[in-house]
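The working numbering numbers the first residue of the sequence shown as 5 and each following residue consecutively.
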Amino acid sequence: MTNLPPAMLIATPPTFATVEEERLHRKQRLAASFRLFSKCGFDEGVAGHITARDPELTDHFWVNPFAMHFSQIKVSDLILVNEHGEVVQGNQPVNAAAFAIHSQVHAARPDVVAAAHSHSVHGRAWSTLARKLDPLTQDACAFYDDHVVFDDYTGVVLDTEEGKRIAHALADHKAVILRNHGLLTVGHSVEEAVWWFVTMERTCQAQLLAEAAGTPVLIDHDMAKLTKTQVGEHVSGYANFGPLYQKITLEQPDLFD
Ligand SMILES: [Zn+2]
């Protein structure tokens, strides 16, 4: 029995005849996601990374090259990094923090295809409070009982041991708030991980605004749990990415190059 709105049920992820097709699908969504992150203002110098596990070499992941602006990234710019942090496809370097964090998340969570992290402003501001998000809105319920706070800060994450600690804190949830740093989301697809990031950043913004204005009313436990089943499932994350992908690929078709 599902509580999903009927329209969500038709938006199921595709299946692929070959790994080549699946790899291309992931890389196209990944390149589009960087363009979306740029449009959303999630860039901050060289910070931020989204990774997609390779469908064949499952301990390798595709990621943005170090120091390339999100708004410029094309499919052909994506680099493939192995489990030792070596770039095995592409001739640009990998961000050391991207490897330290994402390699450990992918290793700890075989179900996770993609992980997204950036220093978006509202996620960063919220992270300083070391609190989980409350079920204040329908959208916030996607994270109800499904995110954690990594309640530590030890400088820029360059060590895979720190990445392991983050992955351990994340456990089987869809998101982790890295204290004094920002947000990290994961999903069973690039689409899903990126949607959770976009909506979590806005959820942080909404809670910051609501708490600045007064004392918000929380959605009660039973309703928050129910709403989580309606807006917080894998298929919801996948489906919500669709309109963003439509918009960015029409506007910026060079991302497919
Ligand atoms: Zn970071």
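Just so you know, even glycine gets a beta-carbon here, dropped at the ideal spot from N, CA and C.
| Item | Value |
| --- | --- |
| Length of the line joining the Cα atoms of Pro18 and Ala144 | 27 Å |
| Which listed residue (Thr16, Gln96, Arg135) has its alpha carbon closest to that of Gln211 | Arg135 |
| Residue environment, Thr158, which counts as buried when at least 16 other CB atoms sit within 10 Å | exposed |
| Beta-carbon proximity of Val65 to Val85, cut-off 7 Å | According to the sequence displayed, residue 65 carries Phe and not Val. Yes, Cβ-Cβ distance for Phe65 and Val85 is below 7 Å. |
| Beta carbon of Glu152 nearer than 7 Å to that of Val109 | Looking at the sequence itself, residue 152 is Val, so the reference to Glu does not match. For Val152 and Val109, no; Cβs fall outside 7 Å. |
| Gly167, enclosing alpha helix (DSSP H) - first and last residue | 164-174 |
| Exposed unless 16 or more other CB atoms sit within 10 angstroms - verdict on Glu255 | exposed |
| heavy atom of ligand 1 below 6 Å from Ala51 C-beta | yes |
| Proximity of Trp200 and Lys232 at Cβ, strictly below 7 Å | no |
| Spatial distance of Val125 from Ala51 (CA atoms) | 12 Å |
| Alpha-carbon spacing of Ile223 relative to Ala216, whole angstroms | 18 Å |
| Endpoints, alpha helix (DSSP H) assigned at Leu213 | 194-217 |
| Residues that DSSP places opposite Ile54 in a beta bridge | Ala120 |
| DSSP-derived helix/strand/coil call for Ile83 | strand |
| Element boundaries [alpha helix (DSSP H), containing His88] | Segment: none, His88 is in no alpha helix (DSSP H) and carries neither H nor E. |
| Expected contact under 8 Å - CB spacing of Asp81 and Pro69 to nearest Å | 6 Å |
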